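Chemist: Input: one structure, supplied below.
Protein chains: 2
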Amino acid sequence: MANFGCSDLRLVDPYDVAFREAVSAVGGSHVLQSARVYATVAEAVSDCSLVLGTTAGQHRVPQQTVERLESGITAVRTHAGRVALLFGSEKFGLSNDDMSFCHGLLRIPTSPETPSMNLGQAVAVCLYELVRTESVPVARAAPAVPGTDAEQLTRMLLEVLDKSGYTNRITAVSTEQKIRRWIRRLRIGSQDAPLLLGILRQILWKFDKQG
Amino acid sequence: MANFGCSDLRLVDPYDVAFREAVSAVGGSHVLQSARVYATVAEAVSDCSLVLGTTAGQHRVPQQTVERLESGITAVRTHAGRVALLFGSEKFGLSNDDMSFCHGLLRIPTSPETPSMNLGQAVAVCLYELVRTESVPVARAAPAVPGTDAEQLTRMLLEVLDKSGYTNRITAVSTEQKIRRWIRRLRIGSQDAPLLLGILRQILWKFDKQG
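Sequence lines, in order, name chains X and P. For reference, each letter of the first sequence is one residue, going 16 to 226 in the numbering used here. For reference, each letter of the second sequence is one residue, going 16 to 226 in the numbering used here.
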């Protein structure tokens, strides 16, 4: 919850020993410290105008529509008022009675072979979906080197190839074209060009020193 | 992993006691039973042509671009070849050396106040994002070289750098990481690797002949 900026944790009839241990644990977060305990689901969601339950959706046929998390959660974003996400116990999930307090049910699109999730992981996935960017910005690649830099790299690499004996006099022209295409195909970024130039310079220096 | 249809779990140098306990636990899933253990990250990702690391992105300034999970993960969907998602230990995350094996880094959009996630929850969120509905049809890129080829290129380039006097003994480790990152960042295609290998081999031949 803390990872995704949520702080209002409410527990219904928790297993006391485990809960007290968790709260007093070193590093127990402020979320746990300020958690409130209720006797019933009704009390826990009494001030919430939208309650969304979560279900693996396998063992029972709920009377309510079960929506996939991705689409169902949009109701939270557009809702004017307090929203509760309701999770069942790790072992049994939400009961039919619990679900009757829900305005809708969400299902994380898990594999049919292993539908039921660990509780903490289910919570993380639901809250992640909430904060997830709706419009995914396309990844911006690092600016590629301009043509002059690409040509400088090409020239220097060709000099290395020539001095190393890689270039055959007969195929020199086609090698040059191949190298030129290759340098461009790599899409060397502006931040990468100096590294490659430095390497090539060093190799040439070594050749000159030894040759 | 089983919830989201993933089965190929690979562990690098796991804490043996905990791992053996987990595998032998009643209800230990087939994912754990068939998990493979490796001594190094290099071996674990040797057959993967795309390695994406995960980071809370707070404690270090990585040399690599860190993309938000939503956009960064699209590379997995469009990649032609085996992909590894690399997670660090719960306590320390990925080291700079671990990250140098990555073609890219992903960050789950957690709150700046509590950026670091529980490992199991981070895995669940990343895999959920992968199976989440969304048609992101992006043009298929040319198949990238697998991990072993990228590492072969890295090793050979490091040998060239060493023999040319480029590598300084004091900064050798950071140079190695820099070069490893750089080779992966270039995303050298399968058709480009032989050319680069040939060039490096020729330079080494020339060094040996002259030295």
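We treat Cβ as the ideally placed atom computed from N, Cα and C, and that holds for glycine. Keep in mind that this is a model prediction, so the values were computed, not measured.
Let's test the definition: count the other Cβ atoms within 10 Å of the Cβ of phenylalanine 222(P) and tell me whether it reaches 16, buried, or not, exposed.
Modeler: Buried, because 16 or more other Cβ atoms sit within 10 Å of the Cβ of phenylalanine 222(P).
Chemist: For phenylalanine 222(P), return the contacting residues in chain X, with the cut-off set at a CB-CB distance below 8 Å.
Modeler: Here the neighbours are Lys221 and Gln225.
Chemist: Which class does leucine 211(X) belong to by DSSP, given the choice of helix, strand or coil?
Modeler: Note: leucine 211(X) maps to helix in three-state DSSP.
Chemist: Scan the stretch 139 to 209 of chain P and note each continuous alpha helix (DSSP H) run of 4 residues or more that stays entirely inside, going in chain order.
Modeler: Counting only runs of 4 or more, we get 162 to 179 and 187 to 200.
Chemist: Residues bridged to serine 110(P) by DSSP?
Modeler: DSSP, once it has assigned bridges, lists no residue as partnering serine 110(P).
Chemist: Quick one, are the C-beta atoms of leucine 24(P) and glycine 68(P) less than 8 Å apart?
Modeler: Cβ distance not < 8 Å, so leucine 24(P) and glycine 68(P) don't count as in contact.
Chemist: Quick one: is leucine 173(X) near chain P, going by C-beta distance under 8 Å?
Modeler: No, its Cβ sits nowhere closer than 8 Å to a Cβ of chain P.
Chemist: Can you check whether the CB of cysteine 63(P) is closer than 8 Å to the CB of proline 124(P)?
Modeler: Against a cut-off of 8 Å, the Cβ pair of cysteine 63(P) and proline 124(P) comes out as no contact.
Chemist: So, is the C-beta of methionine 132(P) closer than 8 Å to a C-beta in chain X?
Modeler: So, interface residue.
Chemist: Can you check which of these residues, Lys193(X), His118(X), Cys141(X) and Phe107(X), is closest to cysteine 21(X) by C-alpha distance?
Modeler: Here the closest residue by C-alpha is Cys141(X).
Chemist: Quick check on proline 152(X) - is its C-beta less than 8 Å from some C-beta in chain P?
Modeler: Bear in mind that the predicted position of proline 152(X) carries a pLDDT of just 40, short of 50, making it unreliable; the figure below should be weighed with that in mind. So, interface residue.
Chemist: Please decide whether isoleucine 218(P) counts as near chain X, where near means a Cβ-Cβ distance under 8 Å.
Modeler: With 8 Å as the cut-off, isoleucine 218(P) counts as an interface residue toward chain X.
Chemist: Compare the C-alpha of asparagine 227(P) against each of Val81(P), Thr89(P) and Lys106(P) and name the closest.
Modeler: Missing from the structure shown is residue 227(P); chain P here goes from 16 to 226 and no further.
Chemist: Under 8 Å, Cβ to Cβ, is there at least one residue of chain X near glutamine 192(P)?
Modeler: False, the Cβ-Cβ gap to chain X never drops below 8 Å.
Chemist: At a Cβ threshold of 8 Å, is serine 104(X) touching chain P?
Modeler: Output row for serine 104(X): interface = no.
Chemist: If you draw a straight line from the alpha carbon of threonine 93(X) to that of glutamate 144(P), how long is it in whole angstroms?
Modeler: Each residue's Cα considered, the two are about 22 Å apart.
Chemist: Check whether the Cβ of isoleucine 203(P) lies closer than 8 Å to any Cβ atom in chain X.
Modeler: Answer yes: the Cβ-Cβ gap between isoleucine 203(P) and chain X drops below 8 Å somewhere.
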